[in-house]
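Step one of this worksheet: look at the structure below.
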Amino acid sequence: MEIRDMKLEEILAVDKFLLSFPLKPGLYSELQEKLAGLPFLIINNANEIVFGVDYYHFLVSHDVEYADVLQMDIPDKEALFLNFNLKAKLTGLNLYEKLVFIKKLSQMEPPIEAREIYTQTGLDINLDNELMQKLDLLLSTTFRACLVEESIGLKTALLICRLAPGDQEVLLELFAGIPFSSSHQLKILEMVEEIVFRDKCSLADIFEQLRIAQYLEMEKPQKLIIDALFMYRNPVYMEQEARWEEEIKKLELPGNVKVTHYPFFEKKEVEVTIRLADVEAVKEFLARGFFEKR
């Protein structure tokens, strides 16, 4: 192991150890100022970059010819672990980068067990058959943006893999544009799978029919979208809602009175909202004795 002043054109930026998605050259320029004197380029004996590819591109873009480099005699597996751990400490890794790391380790011989990965890195991801079978799809351009930005978690991503390719794109675009909690994402997935199976149509057609796009610019679009999908999934509810609207119309309520039912008719109770001019009007209204005293 030695630190060398090395010409950049002699250094190889190979894919073998690359974990940075996207590349962030500027980030390492900031770290260089904070951690002056430390080499941010680590290479192996073949002059391949083990760690610091972002920094390498920063130097190249600024026409730097030479840089301090730490050269190590290090096997590929240990090089990957070193790269992962240094990135985790200095910049953190997004979910896509963690899956890239798993993919690269899975291609090594002999296979590396999950326990060793956890021991070496603290990465607690279940390397079961489902994940390994869907890993290439998760690392495709279809999923990349959502996993890089972590707008979806791994559990949600694996469930989206079960959908048809076109439906995957529609749902990923929704989750990329609107921040849903993990529980809400799973709820949407459950409803979407049922609707697509029942109606034998694409998710794009369903979203167009429900005019989902109109909710994207509204306040609290998450609730509006979930409610729209819920009502579409439950035609009985829609029939109840239609009967309710018809019954309320027959009441011919004054403009300052509003009657609403319990969410999704889970209870028979109704809520009556009365808008009055001021406190005196409230006192006068209560004096008529419409309400039971508790």
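In our numbering, the protein residues as written are 1 to 294. Note that the Cβ used here is the ideal one computed from N, Cα and C, for glycine as well.
The beta carbon of residue 258 is closer than 7 Å to those of 273 in its chain, skipping five residues each way along the sequence.
In the DSSP assignment, the residues bridged to residue 4 are 69. Assigned with DSSP and collapsed to three states, residue 16 falls in coil, not helix or strand.
With respect to the 8 Å criterion, residue 191 and residue 143 are not classified as neighbours on the basis of their beta carbons. When Cβ pairs closer than 8 Å are counted between the two stretches, the segment 116-127 is seen not to touch the segment 176-192, the count staying below three. Around the beta-carbon of residue 201, fewer than 16 other beta-carbon atoms lie within 10 Å, marking it exposed. Going by C-alpha positions, residue 163 is about 32 Å away from residue 24. In the DSSP assignment, residue 261 forms a beta bridge with 270.
The bridge partners DSSP lists for residue 43 are 49 and 71. Counting along the chain, residue 232 sits inside the alpha helix (DSSP H) bounded by residues 221-233. Per DSSP, the unbroken alpha helix (DSSP H) holding residue 209 starts and ends at 203-209. For residue 280, the enclosing alpha helix (DSSP H) has its first and last residue at 279-287. Non-local C-beta neighbours of residue 155 in its own chain, meaning closer than 6 Å and more than five positions away in sequence, are absent.
Between the alpha carbons of residue 94 and residue 149 lies a distance of about 7 Å.
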